[in-house]
């Protein structure tokens with residue numbers, strides 16, 4: 001696309017906030033629909049991305065009634081109606097929105113219902129004061145962490161698939177991540193993998209800590225915290241930027257993030273439509 005490099009450059013002015021859009025463009029450039037508009041001033045622009053739901057296994061499973069997953073970013077609200085003209089009439093969208101103002105403005109055109117929300121965390125070193133000024137910061141709780149219990153694997157062992165797939169990842173996704181350089185972190189107890197997680201490249205130098213899971217009979221021992229701490233240390237040593245993405249209702253994962261001194265930088269909200277898309281007009 002003619003404007004693709006320009007779009008990426010604009011989104012990378014705030015990579016953490018726009019990481020989902022950047023990842024979608026990078027991973028699905030061949031299948032994603034891109035609507036990009038420039039305003040009358042150089043600083044004014046708007047972007048709409050429409051990803052066919054069948055392109056991404058998680059979305060196809062979670063939102064089977066949807067036709068497209070939609071993402072927006074813009075600096076000028078008046079460009080929104082023109083952006084929405086790219087939405088095919090009669091289709092159903094799921095919007096994934098990284099700013100509350102986008103939800104508020106889209107509600108003028110569609111009847112939206114929030115389906116779920118995810119909070120993204122990173123280390124304090126990655127955030128400037130302006131990045132966190134709208135978030136409540138929590139004083140980290142420092143406890144001794146026995147990272148020597150954590151075993152790092154640079155190859156994907158087949159016997160770890162059931163554990164690492166527990167949070168909804170498919171074996172095919174995991175194999176793709178590890179082929180691109182992912183690592184897994186595992187704690188063994190009594191000869192079995194009691195808890196595990198993995199890290200993978202999300203976008204450029206930002207790496208995701210994902211798939212954190214402890215088998216039920218080993219819970220309550222702080223194993224997940226050990227895993228995430230080991231993953232953070234590995235990323236720090238490699239000079240990479242961490243991202244830990246958790247469901248807003250997952251209180252245990254949120255406490256874990258806060259206990260390690262991680263700070264929230266973005267809430268990604270998912271919104272379904274009550275009726276199929278029509279020609280955009282304010283409601």
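Residue numbers (full-length UniProt numbering): 1 to 283.
Even for Gly, the Cβ is constructed at its ideal location relative to N, Cα and C.
Which residues mark the beginning and the end of the alpha helix (DSSP H) in which residue 267 is found? Along the chain shown, read from residue 1 onward, the residue named residue 267 stands at position 267. Counting along the chain, residue 267 falls outside any alpha helix (DSSP H), though it belongs to the beta strand (DSSP E) covering 263 to 273.
Considering residue 227, what are the terminal residues of the alpha helix (DSSP H) in which it resides? By one-based count along the chain shown, residue 227 stands at place 227. Where residue 227 is concerned, the enclosing alpha helix (DSSP H) stretches over 223 to 238.
Give a yes or no on whether 9 Å exceeds the smallest Cβ distance from residue 149 to chain C. Structure shown: chain C not included; a single protein chain is present.
Drop a sphere of 10 angstroms on the beta-carbon of residue 98, count the other beta-carbons inside from all chains shown, and report buried for 16 or more, exposed for fewer. On the chain shown, residue 98 is found 98 positions in, with the first residue counted as 1. Buried, since its Cβ has 16 or more Cβ neighbours within 10 Å.
For residue 77, name the three-state secondary structure that DSSP assigns. Working through the chain shown from its first residue, we reach residue 77 at position 77. Three-state DSSP puts residue 77 in a helix.
Three-state secondary structure (DSSP) of residue 85: As a first step, residue 85 is located in the chain shown; it is residue number 85 there, counting from the start. If DSSP states are grouped into helix, strand and coil, residue 85 belongs with coil.
One question on the structure: do residue 231 and residue 185 come within less than 9 Å of each other, judged by their Cβ atoms? The count along the chain shown starts at 1 and reaches residue 231 at position 231. The count along the chain shown starts at 1 and reaches residue 185 at position 185. Their beta carbons are under 9 Å apart, which means residue 231 touches residue 185 by this criterion.
Residues that residue 122 bridges to, as DSSP identifies them: Taking the first residue of the chain shown as position 1, residue 122 is located at position 122. For residue 122, which the question treats as bridged, DSSP gives the partners 263.
State the Cα-Cα distance for the pair residue 15 and residue 22, rounded to the nearest angstrom. Translated into the one-based positions of the chain shown, residue 15 becomes position 15. Translated into the one-based positions of the chain shown, residue 22 becomes position 22. Whole-angstrom Cα-Cα distance: 8 Å.
Given a threshold of 16 other Cβ atoms within 10 Å of its Cβ, counted over all protein chains shown, does residue 271 qualify as buried or as exposed? Looking up residue 271 in the chain shown gives position 271. Buried.
Within a Cβ cutoff of 6 Å, which residues of the same chain sit near residue 274, ignoring the five residues on either side of it in sequence? As a working note, residue 274 is residue 274 in the chain shown. So the list reads 111, once near-sequence residues are dropped.
Taking 8 Å as the cut-off, does the CB of residue 275 come closer than this to any heavy atom belonging to the ligand FAD? Ligands displayed in this structure: none; no statement on the ligand FAD is therefore possible.
For residue 196 and residue 35, what's the separation of their Cα atoms in angstroms? Within the chain shown, numbered from 1, the residue matching residue 196 stands at position 196. Within the chain shown, numbered from 1, the residue matching residue 35 stands at position 35. Their Cα atoms are separated by approximately 40 Å.
Is residue 39 helix, strand or coil when you go by DSSP? In the chain shown, counting from the first residue as 1, residue 39 sits at position 39. Correct three-state label for residue 39: coil.
Considering only their Cβ atoms, is the gap separating residue 17 from residue 44 smaller than 9 Å? Against the chain shown, residue 44 aligns to sequence position 44. Against the chain shown, residue 17 aligns to sequence position 17. Not a contact, by the Cβ cut-off of 9 Å.
State the start and end residues of the unbroken alpha helix (DSSP H) segment that holds residue 284. For residue 284 there is no data in the structure shown, the boundaries of the chain being 1 and 283.
Segment contact, 8 Å Cβ cut-off, at least three pairs: the segment 37 to 52 with the segment 77 to 87: yes
Look at residue 114 and residue 269 and say whether their C-beta atoms are less than 9 Å apart. Locating residue 114 in the chain shown gives position 114, where the first residue counts as 1. Locating residue 269 in the chain shown gives position 269, where the first residue counts as 1. Contact flag set, yes.
Given that a residue counts as buried once 16 or more other Cβ atoms are within 10 Å of its Cβ, and exposed if not, what is residue 237? Translated into positions along the chain shown, residue 237 becomes position 237. So residue 237 ends up on the exposed side.
Helix, strand or coil for residue 254? Go by DSSP, reduced to three states. Here residue 254 is taken as the residue at index 254 of the chain shown, counted from 1. Correct three-state label for residue 254: helix.
Looking at the unbroken beta strand (DSSP E) that takes in residue 50, where does it start and where does it end? Counted from its first residue, the chain shown places residue 50 at position 50. Its beta strand (DSSP E) spans residues 45 to 52.
Are the beta-carbon atoms of residue 95 and residue 69 separated by less than 9 Å? Taking the first residue of the chain shown as position 1, residue 95 is located at position 95. Taking the first residue of the chain shown as position 1, residue 69 is located at position 69. For residue 95 and residue 69, yes; Cβs fall inside 9 Å.
Just the C-alpha distance for residue 124 and residue 206, rounded to the nearest angstrom, thanks. The residue given as residue 124 occupies position 124 in the chain shown. The residue given as residue 206 occupies position 206 in the chain shown. Straight-line Cα distance between these residues: approximately 14 Å.
With a CB to CB cut of under 7 Å and the five nearest residues on each side skipped, what residues in its chain are close to residue 276? Here the question's residue 276 lines up with position 276 in the chain shown. Excluding sequence neighbours, residue 276 sits near 90, 91, 92.
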